[in-house]
Every structure is written in structure tokens, then in C-alpha cells.
Amino acid sequence: VYFVETADFLRDLERFPQRCYVVDENVWRLYADSCLRDLDRTRVIIQPVNEELKNLTSVQKLYDHLIERSAKRNMTLISIGGGIVQDITGFVVSTLYRGINWVYVPTTLLAQADSCIGSKTSLNYKGFKNLIGTFYPPSEIFIYTPFLTTLADMDFLSGLGEVVKLHILGGAAKIQEGITLLPRMVKREPAALLQGVQSSLAIKHAYIAEDEFDLGRRNLLNYGHCFGHALEATSDFEIPHGQAVVLGMILANRVARRRGVLSKSFERLMLEQLLLPSLKVRPKPSHLKASAVVEAMKKDKKRTGKDLPLVMMKEDYGLVKVNDVTKSEVERALAEAGEVPNARPPVR
Ligand SMILES: NC(=O)c1ccc[n+]([C@@H]2O[C@H](COP(=O)([O-])OP(=O)(O)OC[C@H]3O[C@@H](n4cnc5c(N)ncnc54)[C@H](O)[C@@H]3O)[C@@H](O)[C@H]2O)c1
Ligand SMILES: [Zn+2]
Numbered sequence: 025v026y027f028v029e030t031a032d033f034l035r036d037l038e039r040f041p042q043r044c045y046v047v048d049e050n051v052w053r054l055y056a057d058s059c060l061r062d063l064d065r066t067r068v069i070i071q072p073v074n075e076e077l078k079n080l081t082s083v084q085k086l087y088d089h090l091i092e093r094s095a096k097r098n099m100t101l102i103s104i105g106g107g108i109v110q111d112i113t114g115f116v117v118s119t120l121y122r123g124i125n126w127v128y129v130p131t132t133l134l135a136q137a138d139s140c141i142g143s144k145t146s147l148n149y150k151g152f153k154n155l156i157g158t159f160y161p162p163s164e165i166f167i168y169t170p171f172l173t174t175l176a177d178m179d180f181l182s183g184l185g186e187v188v189k190l191h192i193l194g195g196a197a198k199i200q201e202g203i204t205l206l207p208r209m210v211k212r213e214p215a216a217l218l219q220g221v222q223s224s225l226a227i228k229h230a231y232i233a234e235d236e237f238d239l240g241r242r243n244l245l246n247y248g249h250c251f252g253h254a255l256e257a258t259s260d261f262e263i264p265h266g267q268a269v270v271l272g273m274i275l276a277n278r279v280a281r282r283r284g285v286l287s288k289s290f291e292r293l294m295l296e297q298l299l300l301p302s303l304k305v306r307p308k309p310s311h312l313k314a315s316a317v318v319e320a321m322k323k324d325k326k327r328t329g330k331d332l333p334l335v336m337m338k339e340d341y342g343l344v345k346v347n348d349v350t351k352s353e354v355e356r357a358l359a360e361a362g363e364v365p366n367a368r369p370p371v372r
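Given below as C-alpha cells:
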């Protein structure tokens with residue numbers, strides 16, 4: 025992973041003779057005349073972006089484009105965009121000719137701070153999110169944080185939720201760092217963005233280094249996601265992913281406190297200093313309906329037992345994954361305040 029201060033790295037990529045760029049349509053619109061202006065236009069494929077396009081049809085279209093350009097295994101694909109472009113192109117590069125060289129330039133906060141490492145590529149299938157995919161890492165990742173200044177608020181906030189989650193997973197010192205960084209990140213101060221992305225990746229790296237294929241410790245990265253995925257579903261994806269994760273952490277902490285794993289004072293500290301300041305989306309009562317949330321949680325890909333899985337934060341800054349959360353624990357966590365306290369109205 026290279027952190028770069030200028031867009032000159034794009035010129036270095038000309039060292040790959042058989043290269044092709046796949047660029048997020050919005051990134052292209054915003055940057056074609058500035059930092060992407062020197063890309064050889066004949067090698068650029070513009071990728072339309074929305075969650076519905078993260079499927080095999082988009083993958084096939086790209087196969088066709090690429091095969092037309094160069095029927096060669098020694099091709100390098102350079103992806104420039106957020107998580108959607110990462111997932112579609114990641115699947116393409118991992119399967120075309122059984123794998124071609126891949127360079128990734130993430131342009132969203134979520135992709136820079138979180139998804140660009142970890143090697144996962146995912147497609148949606150038959151209405152299920154991220155149901156099919158592969159493990160395939162880019163050979164090089166270039167992080168240029170000035171891209172983050174043009175993100176829409178909702179897309180920025182979605183990434184921010186993951187940044188907060190990773191700082192919590194980083195333990196006491198990173199939690200403190202996160203608390204001071206958060207207000208500066210919200211203002212998108214350049215130095216804060218860089219620091220937030222760098223720390224987040226370092227923390228994630230520590231979790232995946234020994235668990236590349238997602239079998240053990242990496243499960244803990246799912247903190248906030250057990251409830252979070254469910255709330256994405258119950259809100260019909262109105263709540264963006266990272267914001268759902270923040271809500272998920274709040275709810276997981278409630279379950280942990282009731283189980284005596286987390287003290288009331290620690291829960292409050294996390295809530296007031298990190299979780300509420302990064303939460304800008306207010307869920308509607310229908311999104312928090314217990315029966316719907318429980319049904320959605322039952323569909324968790326990682327669920328193995330009869331009860332529900334949950335990653336919980338512990339008093340000593342550690343995390344633990346359990347598989348025995350009951351329906352009534354979920355109901356109690358959701359019912360606690362009826363609604364998340366002090367949640368501010370949506371930004372747009
Ligand atoms: N592979 C993984 O490990 C992994 C991990 C987490 C999430 N994901 C996936 O990532 C996707 C979400 O990714 P995301 O949050 O990066 O959002 P995204 O890719 O959906 O992009 C969000 C929006 O921002 C636009 N955009 C991208 N860069 C921009 C920029 N610099 N300035 C202005 N607009 C820009 C995009 O065109 C899009 O409209 C989901 O499909 C999710 O499942 C994958
Ligand atoms: Zn996530």
C-alpha cells in the first residue's frame with residue numbers, strides 16, 4: 025500500500041505496457057480534466073456505479089471489453105473507484121485468464137480505510153448481497169486522500185462508521201486517537217483524513233495478517249455488522265452501510281452490558297465520545313422493528329448455530345464473538361430507547 029501526496033503515481037503506472045483502466049463514472053466526471061487528465065483515453069473503460077450493477081452481467085461486460093483489447097494474460101487492470109468498482113473489477117481480475125495483475129486506486133473513504141485490503145471480491149446474486157466472490161489481492165494499492173474531498177456526505181459518513189469501528193478494534197490507544205481525530209475528520213481536514221485512513225488500515229492489517237482466509241480472528245472485524253447488516257436490510261438500504269455499522273455497535277454494546285461483559289460507564293464513554301458523534305442518520309421506528317431485525321439477523325452468512333451470532337466489545341477493550349444471542353436479547357436491545365438517543369437528523 026502506497027500513500028501518495030500527488031497524482032504523479034498515475035504516470036508511474038505507464039510502466040505496464042498492457043494496461044487498462046476501469047474508472048468509476050463519477051470519479052471520471054469529477055477528475056477527467058484534473059488528476060486523471062494524462063490517462064491514455066484509449067485505455068479507459070468507464071464503469072457505471074450502483075449497487076444493482078454489482079453482478080455477473082457487469083462482470084461479463086468487462087470481460088468482453090478486456091478480451092477485445094488484449095487477449096493476453098500479461099494485462100494489468102488498474103481500477104479507480106470505490107468499493108463497487110473494487111468488487112466488480114476484483115472479481116474480473118481474479119477470474120479472467122485465471123488471474124491477471126491488478127492495481128487498485130480506492131477513491132472513497134470506505135475503500136481507502138477499509139475494503140482495499142483484505143483481498144475480498146464480492147458480487148450480489150439473486151437478491152443476496154455479496155453472495156459470490158473470490159479472495160484476490162491487488163499487487164499494488166495507491167491511496168491519494170484528496171479524492172475524499174469530493175465525496176457526497178452520505179458516502180463519506182458511511183466510510184466514517186468503518187473508521188470508528190476499526191479504531192475501537194485497535195484498543196485503548198487507538199480509541200483515544202479516534203476520539204480526538206473524529207471532529208477533524210468530519211470537517212475533512214486533510215491531515216486528519218490521512219491519519220484516519222493510515223491508522224484504520226494498520227489496525228485492519230493486524231487483524232487479517234494471520235487470518236487471510238477469514239477463519240478466525242478476522243471474525244472480530246464484524247463488530248457492528250451483525251446488527252448492522254440487519255438494519256441495512258430492514259431499512260431497504262436507506263441507512264448506508266457504515267452508518268448501520270455504527271447503530272450495530274450501539275446495539276451490540278447494549279447486549280454486552282446486559283450480559284455483564286461491558287460496564288455501564290464504559291458503554292456510555294463509547295457512546296458519547298465515538299458512536300454518537302459519528303452517527304448522522306436517524307433510523308425510523310420501522311427499521312428497528314424487532315421481528316424484522318431478528319429475521320434479517322438469521323440470514324447472516326456467518327451464522328452457524330440456532331441462535332444469533334454477535335461480536336461484542338468487552339470491558340478490557342478486547343472483543344469476543346458469541347453464537348448464542350437470543351431473540352429476547354435482541355428485542356431488549358432494540359426496545360431500550362425505542363430509538364437511538366440524540367441521533368441527529370439525516371444530512372440530506
Ligand atoms: N470487498 C470488500 O472487502 C468490501 C468491503 C466493504 C464493502 N464492500 C462493498 O463496497 C461497496 C460500497 O463501497 P463504497 O462505500 O466505497 O461506495 P461506492 O463504491 O458505492 O461509491 C459511492 C459513491 O461515490 C462515488 N464516488 C467514488 N469515489 C468518489 C470521489 N472520490 N468523489 C466523489 N464521488 C465518488 C461513486 O460513484 C458512488 O456514487 C458495497 O457494495 C460493499 O458491499 C466491499
Ligand atoms: Zn463493513
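Whatever position you read off the sequence shown (first residue = 1), add 24 for the numbering used here. We treat Cβ as the ideally placed atom computed from N, Cα and C, and that holds for glycine. Treat the numbers as computed from the prediction; the structure is a model and nothing was measured.
Asked: From P72 to S82, what distance separates their C-alpha atoms?; Found: 9 Å
Asked: Ignoring anything shorter than 4 residues or poking outside the region 93-132, list the alpha helix (DSSP H) runs there in chain order.; Found: 107-119
Asked: Under 6 Å, CB to any heavy atom of ligand 2. Which residues pass, going along the chain?; Found: E186, H249, H265 and V269
Asked: Within this structure, are the beta carbons of S163 and W126 separated by less than 8 Å?; Found: yes
Asked: Please identify the residue among F290, V318 and W52 whose C-alpha is closest to the C-alpha of R356.; Found: V318
Asked: Near V28, what residues of its chain come up, given a Cβ to Cβ distance below 8 Å and the 5 sequence neighbours on each side ignored?; Found: F166, I167 and Y168
Asked: Quick one: what does DSSP say L80 is sitting in, helix, strand or coil?; Found: helix
Asked: What distance in whole Å lies between the Cβ atoms of L205 and Q219, which are believed to be in contact at a cut-off of 8 Å?; Found: 6 Å
Asked: Pick helix, strand or coil for N277, following the three-state DSSP scheme.; Found: helix
Asked: Going along the chain, which unbroken runs of the alpha helix (DSSP H) with 4 or more residues stay wholly within the region 295-321?; Found: none
Asked: Would you tell me roughly how many angstroms separate the C-alpha atoms of L332 and F261, rounded to the nearest one?; Found: 21 Å
Asked: Just to confirm, is the Cβ distance from L334 to A276 under 8 Å?; Found: yes
Asked: Rank V116, S118, I124 and N74 by C-alpha distance to the C-alpha of K96 and give the top, closest one.; Found: I124
Asked: For the region 216-235 against the region 247-260, do three or more pairs of beta-carbon atoms, one drawn from each stretch, fall closer than 8 Å, so that the two count as touching?; Found: no
Asked: Would you mind sorting Q84 into buried or exposed? The rule is 16 or more other CB atoms within 10 Å of its CB.; Found: exposed
Asked: Establish whether the CB of K228 and some CB of chain B are separated by less than 8 Å.; Found: No chain B is present in this structure, which holds just one protein chain.
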